[in-house]
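Asker: Numbering of the sequence shown is given in our numbering, commencing with residue 106 and proceeding in unit increments. Have a look at this one before I ask anything.
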Amino acid sequence: MIAFWVAILALLIGMVIGLYVTLPFTPLLVRFANYVGLAALAGLDTVIGGIRAGLQESFDQRIFLSGF
């Protein structure tokens with residue numbers, strides 16, 4: 106349970122740092138923002154599919170890793 110709260114805290118700290126730190130290559134990041142969003146969506150789909158497969162007791166690590 107402690108690992109869950111550490112992960113949540115790390116996520117929040119990362120979000121705060123991301124809001125206040127400007128990078129010199131920001132125009133490059135804006136250019137690829139659509140691709141990053143699509144990659145995040147694909148990753149989320151893979152994780153949710155892995156959770157579902159784990160609940161159905163049919164989880165296969167090879168399929169999980171090839172999903173993204």
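C-beta: ideal position from N, C-alpha, C; glycine also.
Which residue marks the beginning of the alpha helix (DSSP H) containing residue 161, and which one marks its end?
Answerer: For this step, residue 161 is matched to residue 56 along the sequence shown. Unbroken run through residue 161: none, as it is neither H nor E.
Asker: For residue 143 and residue 106, I'd like the C-alpha separation in whole angstroms.
Answerer: By 1-based counting over the sequence shown, the position of residue 143 is 38. By 1-based counting over the sequence shown, the position of residue 106 is 1. Computed Cα separation, rounded: 30 Å.
Asker: Taking the CB atoms as reference points, tell me whether residue 151 and residue 172 lie closer together than 8 Å.
Answerer: Indexing the sequence shown from 1 puts residue 151 at position 46. Indexing the sequence shown from 1 puts residue 172 at position 67. Yes. Within cutoff.
Asker: Go through the stretch 118 to 153 residue by residue and report every complete run of the alpha helix (DSSP H) that reaches 4 residues or more, in order.
Answerer: 131 to 136
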